[in-house]
Amino acid sequence: MKVFIDNKEYNAKPDETIIELCDKIGVHIPRFCYHKHLSIVASCRMCLVDIEGVKYAQPACSTPLREDMRISTKSEKTKSAQKNSMEFLLINHPLDCPICDQGGECELQDVSLEHGDDHSKYMQFKRVVVDKDISPLISTDMTRCIHCSRCVRFGEEISNVKELGLLNRGEDMKIDVFIESGVTSELSGNMIDLCPVGALNNKPYRYKARTWDLKQICGISPHDCIGSNINYHTYNNKIVRAVPFENLAINQTWISDRDRFGYEGIYSNDRLDKTLIRENGKLVELDFDSVSSEVNNLIISNIKKHGRKEIGCLISGQSTSEELFLFQKIFKGLEISNIDHRTKERDFSYQKSFPIMPSLGCNIDDLHLYKNIILIGVNVKTEYPILSVRLNNATKGNSKIYSFNFSSLDENFPLYYKKVIDDNNIEPLLNTNDLGLDNGETLIILGPLISRLPNQSNILKKVHDFSLLIDAKVGFLAEFCNSTSGWLLGNLPHRNLGGSTSNIIGKNSYEMITEKLSTYIMYNLEPESDFFDKTLVEVALKSSECNIFFTSYITPMMEKYADIIIPITTFAETDGSYINIEGRYQVFQPVVQPSKDIHEGWSILNNISILNNFGDYTIDTIRNELEESLKKIDFSLSAIDIDSIDASNMVEDNVIDKFTRDTYDTDMIVRRSESLNKVSLSKHKPSIKNITNEPKNI
Amino acid sequence: MKNIIKLLKSLFLLEILKGLSITGKKLFTKSITVQYPEEKTPQSPRFRGLHALRRYPNGEERCIGCKLCEAVCPALAISIDTEMRDDGTRRTTKYDIDLFKCVYCGFCEEACPVDAVVETKIFEFHFESRNERVISKDKLLEIGDIYEKEEIKDRNNIN
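Have a look at this one:
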């Protein structure tokens with residue numbers, strides 16, 4: 002289809018709107034209510050353009066292109082239409098740009114500079130709207146609102162939680178919550194980005210910096226295995242806020258609140274900033290230069306004393322691929338086979354027949370192609386908020402979503418079928434007739450809660466049987482952001498780098514903890530919360546002779562039992578990479594510089610590697626070697642071989658205390674984010690309206 | 006002919022007499038030399054001297070920490086940190102001006118939306134050590150308090 006924009010000929014697709022084509026070809030049209038991922042309302046009237054043969058200017062966002070349409074985006078008619086719209090929008094907008102956090106990145110500011118008049122004809126009083134405390138994450142200045150309704154449409158269409166609404170009409174129209182402090186969704190922070198003015202703003206960031214002061218560096222989300230792309234904004238070497246980086250294959254233009262405010266955890270008071278070593282029962286400071294030799298001596302002397310079987314190496318799935326690579330390189334090199342990253346699991350009889358890595362089984366972008374999506378043991382709304390956007394989108398197509406979870410939690414998307422299952426009874430699944438599966442491709446997604454069960458092998462086997470019965474794919478969602486690397490890079494007792502089977506099968510994390518070894522090396526793990534059972538870990542650490550911790554945060558248990566604690570950088574201060582659940586390898590760079598005595602985890606491990614003659618690496622050589630080893634992997638072997646699952650070794654000791662994974666309790670950084678803690682508090686305690694009888698000073 | 010006139014002029018020292026006549030005139034007119042520091046020349050109400058931060062009549066500081074002066078400063082002499090004060094308003098926690106860097110262009114004064122930062126008529130100041138060149142918020146507010154009346158007068162004169 003041939004159209005003319007500013008007298009230039011372009012080819013348009015049928016059903017394309019004017020604004021879509023203009024965005025594609027780079028012709029700027031001012032807009033407020035239009036957003037490419039939201040529905041079209043054409044309410045702001047800012048995108049009016051002059052179309053030849055049409056008497057009045059038409060909104061570009063809602064006018065579809067027709068054959069031979071001639072549009073002029075710079076004619077007098079367009080300009081005057083836009084100027085008039087601007088004048089009306091500015092009538093009630095306050096002139097508080099100097100104190101508005103949106104100032105400098107405000108769409109209204111930009112557009113009024115370009116299309117607005119330098120003075121207002123309006124002389125009457127301006128509208129004032131009372132603010133409400135809607136959420137601990139979003140600050141409101143509703144007087145600034147221009148009623149574009151992007152936030153309302155976001156709630157209706159994307160997050161599928163209707164939290165904000167347009168109340169009243171005309172002059173009295175306002176965006177408001179139905180319940181005070183009512184904005185609690187896990188994606189609420191996106192409304193901050195959507196708001197074209199400063200009506201909804203980032204509360205923790207409030208008044209901290211101006212937009213032109215900020216430095217922007219891209220990072221990858223360390224809080225879930227989706228791997229959302231994030232832009233971190235820093236001011237004076239400190240992260241002050243995070244905004245999404247558009248990646249249409251992963252997170253589109255959204256990020257979850259966990260990714261947006263999780264960075265606050267790196268400024269927690271628990272942060273360890275110097276190496277501590279136990280001397281005469283007390284932890285004392287140690288100079289960084291002697292750290293790696295000290296650690297190495299401890300390991301070597303303990304190997305000599307107790308043998309290699311008495312050493313347990315545990316690493317978190319939140320560590321970067323580089324750290325995971327060097328960790329297994331050193332300890333497998335020292336012929337220690339007790340190495341594991343699956344610290345929250347207890348039943349490992351499945352491990353031999355498990356695929357090379359847990360994978361979603363399809364691209365995140367392709368989820369909507371599945372006719373049936375069966376979720377087992379996962380509450381997508383709280384655990385993987387970004388995925389709930391995708392699943393919500395899938396239900397708008399032809400997908401049916403089934404949920405089997407241990408507790409009756411709500412989802413942000415319509416469920417076709419929902420059932421609460423028992424931890425060891427997955428039988429209800431096997432009734433295919435009950436489910437009413439559609440013809441077409443089916444995807445079964447197993448959540449991390451399944452892996453925590455004492456009978457997970459059994460469940461895996463049943464799920465696999467079931468998947469064969471209905472000809473479905475089985476996908477996984479991992480516990481940590483980089484659990485996939487943990488599998489691929491051989492941080493496992495039974496596999497080496499690249500998934501090759503190792504000759505000696507070492508102890509898994511459960512055995513390491515329950516069998517009370519003499520030395521524990523814990524990397525990036527919090528003994529209090531990153532294990533299946535806190536008390537068992539405490540018993541193990543107490544009875545062991547030597548405990549080495551590499552950690553960003555110091556916890557009471559470390560203080561009590563550690564022999565040496567080495568501070569390492571968090572995700573924001575190091576070079577690194579994560580492999581997300583699709584198998585996508587994403588590299589990131591440091592966003593801020595750590596304090597003086599905190600060093601990058603991989604460089605400390607590299608020093609230990611040099612001492613043992615396992616090679617001297619730089620970040621590039623690690624990545625090259627990673628790529629080399631991953632090239633060799635035969636991903637075709639990535640199916641569960643059910644015959645070899647030995648489900649008889651079920652661990653039947655203690656019961657899991659809770660069957661949910663809290664949104665803001667997934668990893669050690671999120672747990673320390675102040676703002677997110679406020680959210681979980683406000684969720685658990687419904688707000689009581691503040692009634693103060695004290696007279697106000699006027 | 007021209008050459009002859011030139012010759013006559015130089016012969017009778019006409020140029021010298023002409024020059025000395027100006028000197029002679031000035032001998033009897035009022036002197037414009039000012040005996041600084043006892044005497045001072047008049048200053049324009051727009052004079053751009055030492056900076057100050059002003060307050061509202063009720064004692065509240067004017068500055069709202071918008072950082073426009075910092076942004077506009079061509080010499081990067083101003084550095085500001087802001088935070089939310091307990092009453093919910095935007096305020097500065099740090100407002101430093103480096104007087105060595107400052108070129109006294111007055112852009113900060115022009116950019117300020119609340120007329121908080123001003124350049125007073127003070128031009129006689131010195132430092133005893135290099136560290137003193139950076140003046141802090143407290144000092145700026147103090148200067149503002151002292152010169153507030155003069156500032157108001159100057160502002161009225163301009164308008």
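Which chain is which? The protein sequence lines are Y and V, in order. First residue of the first sequence: 2, per the working numbering; consecutive thereafter. First residue of the second sequence: 6, per the working numbering; consecutive thereafter. Positions of the beta carbon are idealized from the N, C-alpha and C atoms, including for glycine.
Please classify residue i as buried or exposed, where buried requires at least 16 other C-beta atoms within 10 Å of its C-beta.
i: Leu114/Y; result: exposed
i: His29/Y; result: exposed
i: Asn456/Y; result: buried
i: Ser291/Y; result: exposed
i: Thr235/Y; result: buried
i: Asp738/Y; result: Lying outside 2 to 699, the shown extent of chain Y, residue 738/Y is not represented and no answer is given.
i: His495/Y; result: buried
i: Glu187/Y; result: buried
i: Thr619/Y; result: exposed
i: Lys99/V; result: exposed
i: Ile514/Y; result: buried
i: Ile6/Y; result: buried
i: Phe33/V; result: exposed
i: Thr38/V; result: exposed
i: Ser544/Y; result: exposed
So residue i is in the alpha helix (DSSP H); what residue range does that whole segment cover?
i: Pro449/Y; result: Pro449 to Ser452
i: Ile514/Y; result: Ser510 to Thr515
i: Cys107/Y; result: Unbroken run through Cys107/Y: none, as it is neither H nor E.
For a test of the three-state rule: what should DSSP assign to residue i, helix, strand or coil?
i: Phe128/V; result: coil
i: Met669/Y; result: coil
i: Val119/V; result: coil
i: Cys219/Y; result: strand
i: Pro568/Y; result: strand
i: Asn339/Y; result: coil
i: Leu631/Y; result: helix
i: Ala82/Y; result: helix
i: Ala479/Y; result: coil
i: Met192/Y; result: helix
i: Asp150/V; result: helix
i: Leu469/Y; result: helix
i: Gly577/Y; result: strand
i: Cys74/V; result: helix
i: Leu25/V; result: helix
i: Phe328/Y; result: helix
i: Lys1/Y; result: Past the edges of chain Y, shown from 2 to 699, lies residue 1/Y, and the structure says nothing about it.
i: His29/Y; result: coil
i: Phe533/Y; result: coil
i: Leu315/Y; result: strand
i: His600/Y; result: strand
Counting only C-beta atoms, is residue i closer than 7 Å to chain V at any point?
i: Arg719/Y; result: Here chain Y covers residues 2 to 699 and nothing more, so residue 719/Y does not appear.
i: Tyr236/Y; result: no
i: Pro99/Y; result: yes
i: Arg207/Y; result: yes
Taking 7 Å as the CB-CB limit, is residue i close to chain Y?
i: Lys142/V; result: no
i: Arg67/V; result: no
i: Ala87/V; result: What sits at residue 87/V in the sequence shown is Thr, not Ala. Judged by the 7 Å Cβ criterion, Thr87/V is in contact with chain Y.
i: Pro42/V; result: no
i: Cys74/V; result: no
i: Cys71/V; result: yes
i: Pro118/V; result: yes
At what residues does the beta strand (DSSP E) containing residue i begin and finish?
i: Tyr35/Y; result: Unbroken run through Tyr35/Y: none, as it is neither H nor E.
Using beta carbons (cut-off 7 Å, strictly below), is residue i in contact with chain B?
i: Arg95/V; result: Protein chains Y and V are contained in the structure displayed, whereas chain B is not.
Does the stretch 81 to 92 of chain Y come close enough to the stretch 47 to 63 of chain Y to have 3 or more Cβ pairs within less than 8 Å?
-> Segments in contact, yes.
Looking at C-beta atoms only, is the number of pairs between the stretch 371 to 389 of chain Y and the stretch 488 to 495 of chain Y that lie closer than 8 Å three or more?
-> no
Examine the Cβ distances between the stretch 523 to 543 of chain Y and the stretch 360 to 369 of chain Y and report whether three or more of them are shorter than 8 Å.
-> no
Taking three-plus beta-carbon pairs below 8 Å as touching, is the stretch 273 to 282 of chain Y in contact with the stretch 556 to 572 of chain Y?
-> With a cut-off of 8 Å, the stretch 556 to 572 of chain Y and the stretch 273 to 282 of chain Y count as touching, because enough Cβ pairs lie within range.
Check whether the stretch 95 to 110 of chain Y touches the stretch 204 to 220 of chain Y, counting contact only when three or more Cβ pairs, one atom from each stretch, lie closer than 8 Å.
-> Enough Cβ pairs lie closer than 8 Å, so yes.
Is it true that the stretch 68 to 80 of chain V meets the stretch 104 to 114 of chain V, where meeting means three or more beta-carbon pairs spaced less than 8 Å apart?
-> yes
Between the stretch 295 to 305 of chain Y and the stretch 261 to 270 of chain Y, are three or more C-beta pairs nearer than 8 Å?
-> no
Okay, do the stretch 145 to 161 of chain V and the stretch 49 to 57 of chain V touch, 3+ Cβ pairs below 8 Å being the bar?
-> Taking 8 Å as the limit for Cβ pairs, the verdict is that the stretch 49 to 57 of chain V does touch the stretch 145 to 161 of chain V.
Examine the Cβ distances between the stretch 407 to 414 of chain Y and the stretch 160 to 175 of chain Y and report whether three or more of them are shorter than 8 Å.
-> yes
Would you be able to state if there are at least three C-beta pairs under 8 Å between the stretch 117 to 136 of chain Y and the stretch 239 to 248 of chain Y?
-> no
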